[in-house]
Each structure stands twice: as structure tokens, then as C-alpha cells.
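Structure, as C-alpha cells:
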Amino acid sequence: MVEAVRDHWLITLAVVLVVGSPHGFWRRGGETHVMKRASFIVLLLMAAAVVPAQQRHVEALEPSALVSRGQRLFKIQGCYGCHIVGKFGTPIGPDLSNVGGRLSRSYLERWISDPESQRPHAHMPKLELEAEDVTALAAYLSSLR
Ligand code: HEC
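So for the sequence shown, this note's numbering puts the first residue at 214; every next one is plus one.
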């Protein structure tokens, strides 16, 4: 929230500088060179400040979006048909309610994409999953502790 407010403030300031300055960008004349350069540099600095702030927003959102996507996939892909998470599911394979505490996320990714590669004669079938779906499922399972 604080960052969003700061971004708005910076953008407003930039607009005021460009449009409102008596030596602004849009006017021509010999003596405005120095001011033009100065305000250009100020703008560059502000752009540099705004971009990382926006990247931080994306990073803050991404993990939970991935986890909820994994949660949806867990239903759609029929994982509940053989596993229990919380109150739901079928106890054919192991209960996965706390699997995030037992197995690492990278192991989970490898397991979900090809169980036999981790355990010869695994009973769990290899499911046809996109790499992105595997990432999301592993992120979801990893969050179950
Ligand atoms: C047809 C039944 C079946 C389905 C469907 C199934 N599993 Fe499994 N799963 C198993 C069985 C059985 C095991 C126990 C290990 C084995 O394969 O022998 C297992 C084990 C696991 C393990 C634990 C591995 C370990 O080392 O303890 C994870 C994690 C897992 N499954 C995730 C999933 C996910 C995610 C899905 C859905 C994409 C899924 N499973 C769908 C049967 C299934």
C-alpha cells in the first residue's frame, strides 16, 4: 500500500515537472538547455525508483497465486481420487495433509512429473502435466505443513 502511494506521488511529480515547469520539455529556446537536462536526469532517477517498486509488487503476489492455482489443479487432475488433504479425498496413496513438511519442493516437482524416476515400481501413475502445472502443484503441496 505504502509503495503504491509512493509510486503515484512520483508519477504525479514527474508530470508536474514536465508539463508545469517554465523551462519545460515542450518549450524551445537557447537558455533552457540546462533546465531540460536537469529535469531529464530527475525523470530518469524517478523512473529508476518506480520500476523496482513495481517489480516488488509482482513478487509479493506471485507465490500465493501459484499456490491457489496448484490447489485448483489438485482437484481438476484427480489427485483427490488417491490422496487425502485435510477432510477430503480417498486414502489409496499417502495422506498429503502435511506433505510440505516432509518433502522438499524440488522432490515434489520431480515426483509429480514422473514418480518412477524417484521410486522404481511406484504405484502412482505418471500423469500428463504441463511443466507449469507441475510447478504450481508442487508449490501448493509445499504449502501444506
Ligand atoms: C491412481 C492413484 C493416484 C493418483 C491419481 C495420484 N496419486 Fe500420488 N500417489 C499414489 C500412490 C499409490 C502413492 C504412494 C507411492 C507409490 O507410488 O507407491 C502416491 C504418492 C504421492 C506423493 C508422495 C510421494 C512420496 O515420496 O511420499 C505425492 C506428493 C503425490 N502422490 C502427489 C500426487 C499429485 C499431486 C497427484 C495429482 C496430480 C497425485 N499424486 C495423483 C497414487 C496416486
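Backbone N, C-alpha and C define an ideal beta-carbon position, used for all residues, glycine too.
Just so it is clear, the structure is predicted and the values come from calculations on it, not from any experiment.
Tell me whether the beta-carbon of residue i lies closer than 7 Å to the beta-carbon of residue j.
| i | j | result |
| --- | --- | --- |
| Ala352 | Gly283 | yes |
| Ser310 | Gly299 | yes |
| Ser326 | Val312 | no |
| Ser199 | Arg318 | Look at the range of the chain in this structure, 214 to 358, and you will see that residue 199 is not part of it. |
Per DSSP, residue i is paired with what?
| i | result |
| --- | --- |
| Ile297 | Gly302 |
Mapping DSSP to helix, strand and coil, what is residue i?
| i | result |
| --- | --- |
| Glu275 | helix |
| Glu345 | helix |
| Ser356 | coil |
| Arg283 | A small fix is needed here, since residue 283 is Gly in this sequence, not Arg. Residue state, collapsed to three classes: helix. |
| Ala351 | helix |
| Lys339 | coil |
Which residues mark the beginning and the end of the alpha helix (DSSP H) in which residue i is found?
| i | result |
| --- | --- |
| Arg315 | Val312 to Arg315 |
| Ser328 | The question names Ser, but residue 328 is Pro in the sequence shown. Here the alpha helix (DSSP H) through Pro328 covers Pro328 to Gln331. |
Quick check: what's the CA-CA separation for residue i versus residue j?
| i | j | result |
| --- | --- | --- |
| Gln290 | Leu321 | 16 Å |
| Leu286 | Leu357 | 15 Å |
| His336 | Glu275 | 33 Å |
| Ala344 | Glu329 | 17 Å |
| Arg323 | Pro338 | 13 Å |
| Thr303 | Glu341 | 21 Å |
| Ala349 | Gln331 | 19 Å |
| Ser252 | Gly314 | 53 Å |
| Ser277 | Pro333 | 33 Å |
| His296 | Leu279 | 20 Å |
Answer yes or no: does any C-beta atom of chain B fall closer than 7 Å to that of residue i?
| i | result |
| --- | --- |
| Ser252 | This model lacks chain B altogether, as it is built from one protein chain only. |
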